[in-house]
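Q: Respectively, the protein sequence lines represent chains A and B. Numbering of the first sequence is given in full-length UniProt numbering, commencing with residue 1 and proceeding in unit increments. Numbering of the second sequence is given in full-length UniProt numbering, commencing with residue 1 and proceeding in unit increments. Quick one: the structure is below, questions incoming.
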Amino acid sequence: MMNAQYAYASEPRPAVAATQRKAKYRSDEPAGNLPPNRPVNIMYDRRIYRGNTYASPILPAYTQPDALDQQRQMQLKRKLKAARRAELQRRPRTPDAVEGRIHMEVQTELYLEELSDTVPEAAVGTQTDAFLDRAPSPLYIPAKLGVDVATQIADGDLFDFDVEVEPLLEVLVGKTLDQARAEVLEEAELAGLRRRQRDFAARRQAELVEVQRLEQAERRRVEEKERRKAEAARVLAEKQESAAKVAAASFAAVYLANLVPAALASLQDDGFFYNAREREIQQTFLPWLTSQVDARVQRLAVARQLLDGLLEAAVKQITPAAPAPAPQAPASAADPVASTTSNNSMAVDSTNQPDQPTSPANGSESGSAAPSTDEVPAKATDDGDGDADAAAAPESEAQPADALNDQQGDQKPSEGETAAADASAEET
Amino acid sequence: MPVTAPTAPLTTATASPAGHAYNDPTRQNWAFGHRAIPKLIGEVQSSDEALQLQALHSLTCRLHEPVDVQEALVAGAVPAISLSLSHAKPLVRARAVEIVVLLTEHEQGRAAVLGHSHVETLIKLIADPEEAVRGLALQALWNVSQRTEQVQQIYTTLPHIIDHLLRAVTAEKSRSYQLLARVLETLHHFLQHGGAPVVAHTLKLGALTTLTKLLKSHVGGQAVRAAAAEDLAAICIHVTTLPDVAKQAHDAGLVPVLVETMDDPFGAVRAAAVQAAMALSIHVVSKQQLVAEGVAEKLVRMVGEDQDEELLMNALTAIASISEDYTARYAFQDVIGLIEQLKAHPNRAVAKAAASAVQVVQWRP
Numbered sequence: 001m002m003n004a005q006y007a008y009a010s011e012p013r014p015a016v017a018a019t020q021r022k023a024k025y026r027s028d029e030p031a032g033n034l035p036p037n038r039p040v041n042i043m044y045d046r047r048i049y050r051g052n053t054y055a056s057p058i059l060p061a062y063t064q065p066d067a068l069d070q071q072r073q074m075q076l077k078r079k080l081k082a083a084r085r086a087e088l089q090r091r092p093r094t095p096d097a098v099e100g101r102i103h104m105e106v107q108t109e110l111y112l113e114e115l116s117d118t119v120p121e122a123a124v125g126t127q128t129d130a131f132l133d134r135a136p137s138p139l140y141i142p143a144k145l146g147v148d149v150a151t152q153i154a155d156g157d158l159f160d161f162d163v164e165v166e167p168l169l170e171v172l173v174g175k176t177l178d179q180a181r182a183e184v185l186e187e188a189e190l191a192g193l194r195r196r197q198r199d200f201a202a203r204r205q206a207e208l209v210e211v212q213r214l215e216q217a218e219r220r221r222v223e224e225k226e227r228r229k230a231e232a233a234r235v236l237a238e239k240q241e242s243a244a245k246v247a248a249a250s251f252a253a254v255y256l257a258n259l260v261p262a263a264l265a266s267l268q269d270d271g272f273f274y275n276a277r278e279r280e281i282q283q284t285f286l287p288w289l290t291s292q293v294d295a296r297v298q299r300l301a302v303a304r305q306l307l308d309g310l311l312e313a314a315v316k317q318i319t320p321a322a323p324a325p326a327p328q329a330p331a332s333a334a335d336p337v338a339s340t341t342s343n344n345s346m347a348v349d350s351t352n353q354p355d356q357p358t359s360p361a362n363g364s365e366s367g368s369a370a371p372s373t374d375e376v377p378a379k380a381t382d383d384g385d386g387d388a389d390a391a392a393a394p395e396s397e398a399q400p401a402d403a404l405n406d407q408q409g410d411q412k413p414s415e416g417e418t419a420a421a422d423a424s425a426e427e428t
Numbered sequence: 001m002p003v004t005a006p007t008a009p010l011t012t013a014t015a016s017p018a019g020h021a022y023n024d025p026t027r028q029n030w031a032f033g034h035r036a037i038p039k040l041i042g043e044v045q046s047s048d049e050a051l052q053l054q055a056l057h058s059l060t061c062r063l064h065e066p067v068d069v070q071e072a073l074v075a076g077a078v079p080a081i082s083l084s085l086s087h088a089k090p091l092v093r094a095r096a097v098e099i100v101v102l103l104t105e106h107e108q109g110r111a112a113v114l115g116h117s118h119v120e121t122l123i124k125l126i127a128d129p130e131e132a133v134r135g136l137a138l139q140a141l142w143n144v145s146q147r148t149e150q151v152q153q154i155y156t157t158l159p160h161i162i163d164h165l166l167r168a169v170t171a172e173k174s175r176s177y178q179l180l181a182r183v184l185e186t187l188h189h190f191l192q193h194g195g196a197p198v199v200a201h202t203l204k205l206g207a208l209t210t211l212t213k214l215l216k217s218h219v220g221g222q223a224v225r226a227a228a229a230e231d232l233a234a235i236c237i238h239v240t241t242l243p244d245v246a247k248q249a250h251d252a253g254l255v256p257v258l259v260e261t262m263d264d265p266f267g268a269v270r271a272a273a274v275q276a277a278m279a280l281s282i283h284v285v286s287k288q289q290l291v292a293e294g295v296a297e298k299l300v301r302m303v304g305e306d307q308d309e310e311l312l313m314n315a316l317t318a319i320a321s322i323s324e325d326y327t328a329r330y331a332f333q334d335v336i337g338l339i340e341q342l343k344a345h346p347n348r349a350v351a352k353a354a355a356s357a358v359q360v361v362q363w364r365p
């Protein structure tokens, strides 16, 4: 509490014995081994005066000067004097002073002191008070240290602007120079960086251009290659097409060389090329003619039959026992053409026309029909060519004129046929 | 392309000294130690304009250290300068954009700026009436468009940036050639990293014609001509993928302009022109046009006289491409020995281009 309210400039410390005071030199022993400082009872301190202070003190015996000690001190003094004398004699003495000058002893010590043998004495009577307290101990003034210097303050000695400002200027100039140097270094560094960037950009640009050049060259090569490939493919396709065309043309030429004649022949065989007159004659006129001839022949046959009947009747009336006439030779053996034509014509009219004999008056007109009349009985009955030929044979022998007429008639059809053939050939 | 140095801080000569915060010692707030950057970032959002401007200027001085940049990003510098970018005072806008430029010089700064959609504000600042603000905005856009992913991210969300850049090309022709060069360099980033969609977009806006006219008119110094030629090269590299490239190149008369530019006294311009011709020569019709315009003689002279490695590499690559035309092959027969010697060039890219050129020139059907 006291410590909280009052603070010492230096706190009081307990008195320590002389033996326990702080040694002049440090001890090598560690601090833990040193004996602890114990406070000393001040009542037993020799420095403190004990006893009464109002009576004259009786000096103890040990304060009286000892004779032996005095004697020793005298001897010591004498020895010192002798040594000093010997030293003076040993040391070179100062030479005598120059004429007109004298040597004087001057104090050269640091502290001047008045040299005097006489000790100033003064008798002072004092009468201490009975209860006068002991005078306080004199203030301890330590010995003066250092060097005394005497100066003479001149104008400008206390403050010199040039000197005082020098450190400030050094700092300012130094800082400024330092910053300027830093800025210059920074600029140089930035300039170096920019230069490197420029060089890199230029190299990069050149390499990029080179890469683009190579890419474009490669692209042109590829395009050229594709174009040539396409061109070659196109040429090849054209060649193949041309070859195919040539082959096709040659094959077609070969194939078509006989195509037209074959087609014409086929058409002609099929009857597509026909003469209109001949066709009309064949399809219209000849059938009509044949039908007319057949009708006439039938009428003739009927007439003949009637006549035969009449004659027979007459003959019977006249001669009831007359032999029967010989049968005629077949007409097909003498006139195969006529027989075929007659067969053809009779095939058209076979169902409608009975067998009728041929008539020499109608040889030219019925040339084609004569064989047919010969064949009519055979065809009408449709018993086969042999029977018809056998039936028509006697009639042909009895009528050679008919045969001649038939031949002529046969020629005419043949002529007509040839004419028709010629006409058809001309048409084709 | 010439090196683009970071822009120096805006001089205060244009601002009146009396009202400037730096001339008022009673308003100096020192910021130092570990609390400097956060303190300054806090002051950037202050309502006091003078304090805001002072904080912005202090940040521009501090953010040259990468450690300070990282600390600023962690402390939220990117969202803190949003209002300053749209400030009415041009000096404040300039300082804010300069801070964006300093942040975007580091990858983490670029990511932070792209993530916070400051690009749209920067696009609007391209048309700022103050030249310093325009220049810094273009520098910031140049910084954030250095990689393909960044360009694609910007173009996907803000495709109208191309329109603004092309408009700026036309505008800066009559204002500042330095900014014109910077616009062309920024456009080159988008053309290079944006790919076919960006190139198609620029073709729709007639960029090829604009750039050809710019190159033909010799407007601006070597920086402008070199940048314009590089933009044309970035467009012509798509001649095989975009059919409009060859058509517009023919309509605009690009081939004669490129051949004429190959005689430019500056090596950077010649290198860029050769680069554009090299890209265009992939197209067969353009290749024939180049040969008809006499590009073979120019390339022969370059291979014999020029020592620039980039120029040599482009010239040899162009020779390899143009030699696919048989008339050009005959023209290059005279320098086949020189090209053979270049196969031993210490630069591997030049040696490789020389080997490819020899192979093509000596090809026979």
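Don't be surprised by glycine CBs; every beta carbon is placed ideally from N, CA and C. The structure displayed is predicted, hence computed values, not measured ones.
Does DSSP classify A/Pro39 as helix, strand or coil?
A: In this structure, A/Pro39 counts as strand in the three-state DSSP scheme.
Q: Between B/Glu98 and chain A, is there a C-beta pair that is closer than 8 angstroms?
A: Not an interface residue.
Q: Using the Cα positions of A/Ser372 and A/Ser291, report the straight-line distance between them to the nearest angstrom.
A: For A/Ser372, the pLDDT reaches just 42, beneath the cut-off of 50, and the residue's location in the model is therefore unreliable, although a value from the coordinates is still provided. Cα to Cα, the separation comes out at about 12 angstroms.
Q: Which bits of chain A does B/Gln275 rub up against, with CB to CB less than 9 angstroms?
A: Those are Ala202, Gln205, Ala206 and Val209, listed as they occur along chain A.
Q: So what does DSSP say about residue 434 of chain A, is it helix, strand or coil?
A: Because chain A is modelled from 1 through 428, residue 434 of chain A falls outside the range shown and cannot be assessed.
Q: Establish whether the CB of A/Arg213 and some CB of chain B are separated by less than 8 angstroms.
A: Closer than 8 angstroms: yes.
Q: Please state the DSSP three-state secondary structure of A/Ala378.
A: Low local confidence applies: a pLDDT of 40 at A/Ala378 is under 50, so the model's placement there is unreliable, and no value is given.
Q: For B/Asp231, which residues in the same chain have their Cβ closer than 7 angstroms to its Cβ, ignoring the five residues on either side in sequence?
A: If we look at B/Asp231 and ignore the five residues flanking it on each side, its Cβ neighbours are Leu184, Leu187, His188, Leu191 and Leu211.
Q: Alpha carbon to alpha carbon, how far is A/Ile42 from A/Ala135?
A: Rounded to whole angstroms, A/Ile42 to A/Ala135 spans 19 angstroms at the Cα level.
Q: Assign A/Gln73 to buried or exposed, taking buried as 16 or more other Cβ atoms, counted over all protein chains shown, within 10 Å of its Cβ.
A: So A/Gln73 counts as exposed.
Q: Since B/His250 meets chain A, which of its residues come closer than 7 angstroms, beta carbon to beta carbon?
A: Within 7 angstroms Cβ-Cβ: nothing; B/His250 doesn't reach chain A, min ~18 angstroms.
Q: Mind the definition here: the region 167–181 of chain A touches the region 243–252 of chain B only if three or more C-beta pairs lie below 8 angstroms; say whether that holds.
A: No, the region 167–181 of chain A does not touch the region 243–252 of chain B.
Q: Kindly indicate if chain B contains any beta-carbon less than 8 angstroms away from that of A/Leu172.
A: No, its Cβ sits nowhere closer than 8 angstroms to a Cβ of chain B.
Q: Using a Cβ cut-off of 8 angstroms, pull out every chain A residue sitting near B/Met262, in sequence order please.
A: The contacting residues do not exist; B/Met262 stays about 16 angstroms from chain A at best.
Q: So, for B/Glu309: in the same chain, excluding its five sequence neighbours on each side, which residues have a beta-carbon less than 7 angstroms away from its beta-carbon?
A: Taken in chain order, the residues that qualify are Asn347 and Val350.
Q: Tell me which residues share the same chain as B/Val358 and place their Cβ nearer than 8 angstroms to its Cβ, disregarding the 5 neighbours each side in the sequence.
A: Result list for B/Val358: Ile336, Ile339, Glu340 and Lys343, in chain order.
Q: If B/Asn314 sits next to B/Gln362, beta carbons under 8 angstroms apart, how far is it from one beta carbon to the other, in whole angstroms?
A: 21 angstroms between Cβ atoms; not a contact.
Q: Specify whether the region 83–99 of chain B and the region 109–116 of chain B touch according to this definition: at least 3 beta carbon pairs, one from each stretch, less than 8 angstroms apart.
A: No contact exists between the region 83–99 of chain B and the region 109–116 of chain B.
Q: Indicate whether the contact test is met: 3 or more Cβ pairs, each with one atom in the region 256–274 of chain B and one in the region 243–250 of chain A, closer than 8 angstroms.
A: Output reads no: the region 243–250 of chain A does not touch the region 256–274 of chain B.
Q: I need the straight-line Cα distance from A/Phe251 to A/Glu231, nearest angstrom please.
A: Taking the straight line from one Cα to the other gives about 29 angstroms.
Q: Does any C-beta atom of chain B lie closer than 8 angstroms to the C-beta of A/Ala249?
A: Closer than 8 angstroms: no.
Q: From which residue to which residue does the alpha helix (DSSP H) around B/His106 run?
A: Neither: B/His106 is in no alpha helix (DSSP H) and is coded neither H nor E.
Q: For A/Tyr111, does the three-state DSSP call read helix, strand or coil?
A: Reduced to three states, the DSSP call for A/Tyr111 is coil.
Q: Can we say the region 291–310 of chain B touches the region 188–197 of chain A, given the rule of at least three CB pairs closer than 8 angstroms?
A: Too few Cβ pairs lie closer than 8 angstroms, so no.
Q: Shortest alpha-carbon distance to B/Gln153 belongs to which of B/Gln52, B/Tyr326, B/Gly195 and B/Val284?
A: Checked all of B/Gln52, B/Tyr326, B/Gly195 and B/Val284; the closest Cα to B/Gln153 is B/Gly195.
Q: Which residues, in order along the region 298–325 of chain B, keep a beta-carbon less than 9 angstroms from a beta-carbon of chain A?
A: Under the 9 angstroms Cβ criterion, the region 298–325 of chain B contributes Glu309, Glu310, Met313, Asn314, Leu316, Thr317, Ala318, Ala320, Ser321 and Glu324.
Q: Report yes if the C-beta distance between B/Ile162 and A/Gln216 is below 8 angstroms; otherwise report no.
A: No, they are not a contact pair.
Q: At a CB-CB cut-off below 9 angstroms, which residues of chain A make contact with B/Glu105?
A: Chain A residues near B/Glu105: Glu186 and Leu190.
Q: Interface residues of chain B around A/Glu223 at Cβ under 8 angstroms?
A: Those within 8 angstroms of A/Glu223 in chain B number zero; the least Cβ separation is about 12 angstroms.
Q: Who are the Cβ neighbours of B/Leu73 in its own chain at under 8 angstroms, not counting the five residues just before and after it?
A: If we look at B/Leu73 and ignore the five residues flanking it on each side, its Cβ neighbours are Leu103, Gln108, Gly109 and Ala112.
Q: Residues of chain B with CB under 7 angstroms from A/Glu231, in chain order?
A: By Cβ distance, chain B contributes nothing, its closest Cβ being about 18 angstroms from A/Glu231, past 7 angstroms.
Q: Between B/Ile37, B/Ser46 and B/Ser145, which has its C-alpha nearest B/Arg182's C-alpha?
A: If we check each option's Cα against that of B/Arg182, B/Ser145 comes out closest.
Q: With 8 angstroms as the threshold, decide whether the Cβ of A/Glu183 is near any Cβ in chain B.
A: True, the Cβ-Cβ gap to chain B drops below 8 angstroms.
Q: Going by the beta-carbon positions, is the gap between A/Glu210 and B/Ser356 smaller than 8 angstroms?
A: In contact: A/Glu210 and B/Ser356 (Cβ atoms closer than 8 angstroms).
Q: Given that a residue counts as buried once 16 or more other Cβ atoms are within 10 Å of its Cβ, and exposed if not, what is B/Asp264?
A: Buried, because 16 or more other Cβ atoms sit within 10 Å of the Cβ of B/Asp264.
Q: Between the Cα of B/Leu138 and those of B/Ala75, B/Cys61, B/Leu179 and B/Val360, spot the shortest distance and give me the residue it belongs to.
A: Of B/Ala75, B/Cys61, B/Leu179 and B/Val360, the residue nearest in Cα terms is B/Leu179.
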